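Down below is the structure, laid out as structure tokens.
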Amino acid sequence: MVLILGSLQQGFIYALLALGIYISFRILNIPDLTAEGSFTFGLAVSASVTVLGHPFLGIILSIAAGAAAGTVTGIIQTKIGVHPVLAGILTMSGLYSINLMVMNKSSNLSLIANDTVFKITGRVLNVSSDDAVKLAVSMAVLFAVLVLVIVFFRMQLGLCIRATGDNEAMVRASSIDVDNTKIFALALSNSLIALSGGLLAQYQGFADINSGVGILVVGLASVIIGEAAAGKRGVALGFVSSVIGSIVYRFIVALAINFDIFPAFTLKLVSAVIVGIALSVPEIRAKYARNKIRREGLKNAEN
322 MVLILGSLQQ GFIYALLALG IYISFRILNI PDLTAEGSFT FGLAVSASVT VLGHPFLGII
382 LSIAAGAAAG TVTGIIQTKI GVHPVLAGIL TMSGLYSINL MVMNKSSNLS LIANDTVFKI
442 TGRVLNVSSD DAVKLAVSMA VLFAVLVLVI VFFRMQLGLC IRATGDNEAM VRASSIDVDN
502 TKIFALALSN SLIALSGGLL AQYQGFADIN SGVGILVVGL ASVIIGEAAA GKRGVALGFV
562 SSVIGSIVYR FIVALAINFD IFPAFTLKLV SAVIVGIALS VPEIRAKYAR NKIRREGLKN
622 AEN
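Right under this line is the structure:
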């Protein structure tokens with residue numbers, strides 16, 4: 322029961338990360354590497370403000386911090402003309418120092434003695450079970466965000482972002498400001514990623530400067546697992562499948578650790594292998610289809 326509750330709680334929190342990754346990598350079709358920096362940025366801001374006695378403000382500011390990080394990456398890409406991958410790396414590298422400054426030059430910040438959104442919610446609702454409160458809060462936040470992003474991507478600006486990811490040249494020809502569209506999309510993506518980090522800091526009771534290392538692979542694994550389960554059939558289903566993929570991924574991790582299938586320190590390696598295999602599947606299928614057509618053509622020519 323503990324394994325199931327823990328996996329669901331973390332699955333819901335990391336699902337916010339998966340939603341952000343889905344926006345940049347799948348909808349906008351940009352390999353944004355800002356995620357590792359913005360995740361830790363949200364975590365650091367949330368923890369630092371919580372220590373000051375304002376946990377709810379910490380969550381809000383973590384969202385703003387992620388949006389700021391995404392905006393910087395977007396500006397570097399569009400206004401300066403830096404390659405998207407390099408732009409993300411530049412922002413991510415700069416955020417490491419900023420995160421240290423936010424955490425008062427400390428690599429680790431404890432929240433054990435401070436009120437968090439989970440503790441306060443438990444007291445307000447008069448619920449004594451910490452696990453139940455953590456599950457309810459993380460699920461409520463995820464559900465609210467999921468509904469908002471699905472609705473948003475059916476509105477005009479959301480449709481512009483989707484069109485930019487599908488065919489940027491066509492969008493430019495339609496007199497739509499592609500640069501501002503990209504900047505906004507990256508800000509939205511990283512705000513969700515930072516929100517995930519902000520909630521995680523208060524969930525686990527501490528913030529660590531290295532929490533974002535490898536987090537991009539975790540988000541990609543969640544997105545890919547979700548797509549393997551539900552397929553690629555629309556943005557709304559894509560968001561839902563990313564949530565499902567995040568939960569499934571956390572269950573896989575929990576089971577692997579619980580039954581000693583592989584050591585905990587190899588989790589990021591396993592995630593990288595999963596992502597690598599999943600990304601290679603479309604090319605393998607395409608190559609198989611081309612070879613099949615070639616064989617049939619040779620067979621018909623011989624006949």
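So for the sequence shown, our numbering puts the first residue at 322; every next one is plus one. Glycine residues also receive a C-beta, built at the ideal position from the N, C-alpha and C atoms. Remember, predicted model here, so these are calculated numbers, not experimental data.
For residue i, tell me which candidate among the options has the shortest Cα-Cα distance.
i, options, result
"Asn-420", "Ile-401, Ser-383 and Phe-439", "Ser-383"
"Ser-414", "Val-492, Cys-481 and Gly-533", "Gly-533"
"Gly-387", "Phe-505, Gln-398, Leu-469 and Val-574", "Phe-505"
"Ile-433", "Pro-376, Gln-477 and Ala-577", "Pro-376"
"Leu-509", "Val-574, Val-393, Ile-334 and Val-370", "Val-393"
"Phe-439", "Ile-482, Leu-521 and Leu-373", "Leu-521"
"Val-470", "Leu-513, Met-460, Met-491 and Ala-457", "Leu-513"
"Val-472", "Ala-557, Val-445 and Ala-390", "Ala-557"
For residue i, name the three-state secondary structure that DSSP assigns.
i, result
"Asn-612", "helix"
"Leu-349", "coil"
"Asp-529", "strand"
"Phe-428", "Reading off the sequence shown, one finds Ser at residue 428, where the question assumed Phe. DSSP places Ser-428 in coil when its eight states are reduced to three."
"Gly-415", "helix"
"Ala-434", "coil"
"Ile-401", "coil"
"Leu-469", "helix"
"Asn-511", "helix"
"Leu-373", "coil"
"Val-534", "coil"
"Val-561", "helix"
"Phe-474", "coil"
"Leu-421", "helix"
Using only the heavy atoms of the ligand SAH, determine whether one of them is closer than 7 angstroms to the beta carbon of residue i.
i, result
"Arg-606", "In terms of ligand content, the structure shown is empty, and the ligand SAH therefore cannot be addressed."
Compute the beta-carbon to beta-carbon distance between residue i and residue j, rounded to the nearest angstrom, for a pair I have assumed lies under 8 angstroms.
i, j, result
"Ile-545", "Gly-566", "7 angstroms"
"Ala-528", "Ala-368", "3 angstroms"
"Val-538", "Tyr-335", "Going by Cβ atoms, the distance from Val-538 to Tyr-335 rounds to 12 angstroms, so no, they are not a contact pair."
"Ile-530", "Thr-502", "Rounded, the Cβ-Cβ distance is 33 angstroms, inconsistent with contact."
To which residues of the same chain is residue i closer than 6 angstroms at the C-beta, ignoring the five residues directly before and after it?
i, result
"Asp-500", "Thr-399"
Taking 7 angstroms as the limit between beta carbons, can you name the residues of its chain near residue i, skipping five residues before and five after?
i, result
"Val-591", "Phe-583"
- prompt: Per the contact definition of three or more C-beta pairs closer than 8 angstroms, is the region 422-434 in contact with the region 450-461?
  reply: no
Worksheet entry | Segment contact, 8 angstroms Cβ cut-off, at least three pairs: the region 486-500 with the region 403-410 | no
Exercise. Is there contact between the region 604-616 and the region 552-571, where contact requires at least three CB pairs shorter than 8 angstroms?
Worked result: Output reads no: the region 552-571 does not touch the region 604-616.
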